[in-house]
Amino acid sequence: MWKELSETADYLLDKTKIRPIAGIVLGTGLGGLVNEIQITDIIPYASIPHFPVTTVEGHQGNLIFGHLAGKPVVAMQGRFHYYEGYSLVQTVFPLRVMKLVGIRQVFLSNAAGGINPDFQIGNLMVIRDHINFFPESPLRGKNIDELGTRFPDMSEPYDKRLIEIAFHVANDLGITLRDGVYLGNPGPSFETPAEYTHYRLIGADAIGMSTIPEVIAARHMQLPVFAVSVVTNVAFPGNFQQNTHEDVQIAANQAASNMSHLFKGVIVDSPYSS
Ligand code: HPA
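For the sequence shown, position 23 matches number 12 in the numbering used here, and the numbering has no gaps at all.
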């Protein structure tokens, strides 16, 4: 695996002159951030050696190198989800490659169902902590010592400094920013009313089908993580409605502009960007 990761990183370093200081994962419907990037290189996943291949319709698969608010970045346009059939090791391959390409911090976005009754559709929630319901770990198997330790610490999964900066940026921009605990489920079915209720009881504020494997892989490599969920649907006692992927995408698209501005502001002010 280390050999494949190194080969892929060398390939990319040869393809682009950009030396990114941040890696960004653009989740469902949040591709709008790409319009804010001054793009230098678009590299389709299908052309990158050892990269998994995207299967979901409507998910683009490109690695984008360029500048966001003057900072060199690499962005994943489309991510790999466990529910598509990949192993978790495969889903975090691109993130590991981005580390080898030089990123010093990770920015993740996702769509999530809000189960905190104070949440409204379209809210952004900064993730402070998570609860992992994926049935395996991206670190399962022989440890890759070049990347990190066998038993990584998870006491600060989401970087406290970046969270604080996000609240300043949101305040300056007049964006309502929530914060809370993200619970990750493998999907692809949405939760039942009893499950939403259960997850609320154990301390979650929002539920999604991604992000946690990437956070584990990032923390294994000691990369600071910043992650935000767009609340695309809400589910709590007295308010359980039918969920569709289309509604999730529509709500995510509507929040995309706020998300873009927030990410830009945090990347500019991040202590890891200079
Ligand atoms: N559950 C799981 N994943 C999701 C949801 C949800 O309600 N909404 C968006 N992604």
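We treat Cβ as the ideally placed atom computed from N, Cα and C, and that holds for glycine.
This one's a predicted model, so the numbers in the text were calculated from it and none came from an experiment.
Take aspartate 148, set aside five residues on each side of it, and the residues of its chain with a beta-carbon closer than 7 angstroms to its own are Pro213, Val214, Phe215, in chain order. For ligand 1, a non-hydrogen atom lies closer than 8 angstroms to the CB of phenylalanine 179.
Taking the Cα positions, tyrosine 171 is about 13 angstroms away from glutamate 203. Going by DSSP, alanine 35 is part of no beta strand (DSSP E) at all; its letter is neither H nor E.
Per DSSP, the continuous alpha helix (DSSP H) segment holding glycine 254 begins and ends at 234 to 258. Short of 7 angstroms from the beta carbon of valine 42, and not among the five residues preceding or following it, lie these beta carbons of its own chain, in chain order: Tyr34, Ala35.
Placement of the Cβ of valine 62 at a distance of 8 angstroms or more from every heavy atom of ligand 1 is found.
Around alanine 240, the same chain offers Gly18, Ala100, Ile110, Gly111, Val219, Val220, Thr221, Asn222 as residues with beta carbons nearer than 8 angstroms, after the five sequence neighbours per side are excluded. Exclusion of the five residues before and after valine 90 leaves Ala(-2), Leu1, Leu2, Pro9, Val63 as the residues of its chain whose Cβ lies within less than 7 angstroms of its Cβ. With respect to the 9 angstroms criterion, isoleucine 256 and leucine 57 are classified as neighbours on the basis of their beta carbons. In the DSSP assignment, the residues bridged to lysine 60 are Leu57.
Histidine 250 sits away from proline 177, with the two beta carbons spaced by 9 angstroms or more. In the three-state DSSP reduction, glycine 227 falls in the coil class, being neither helix nor strand.
By the criterion of a C-beta distance shorter than 8 angstroms, leucine 77 is surrounded in its chain by Tyr71, Phe123, Glu125, Ser126, Pro127, Arg129, Pro202, once the five residues flanking it on both sides are discounted. For the pair glutamate 235 and asparagine 160, the Cα-to-Cα distance works out to about 30 angstroms. The DSSP-derived three-state label of methionine 65 is strand. DSSP places isoleucine 205 inside the alpha helix (DSSP H), whose first and last residues are 201 to 209. Counting the other CB atoms within 10 Å of its CB gives leucine 190 a total below 16, which places it among the exposed residues.
Annotation for arginine 150: Pro260 place their beta carbon closer than 7 angstroms to its own, counting only its chain and skipping 5 residues before and after.
Relative to the non-hydrogen atoms of ligand 1, the Cβ of isoleucine 116 never comes closer than 8 angstroms to any of them. Looking at the backbone, the Cα of serine 199 and that of isoleucine 152 are separated by about 20 angstroms. For the set Lys(-8), Ala193, Gln79, the Cα lying nearest the Cα of histidine 119 is the one of Ala193. One thing to note: phenylalanine 96 has its Cβ within 9 angstroms of the Cβ of valine 14. In terms of CA proximity to glycine 254, Glu25 leads the group Gly50, Glu25, Arg68, Arg167.
Taking the C-beta atoms as reference points, isoleucine 7 is found no nearer than 9 angstroms to phenylalanine 82. Short note on threonine 233: C-beta not closer than 8 angstroms to any heavy atom of ligand 1.
Histidine 119 carries a strand assignment under DSSP once its states are collapsed to helix, strand and coil.
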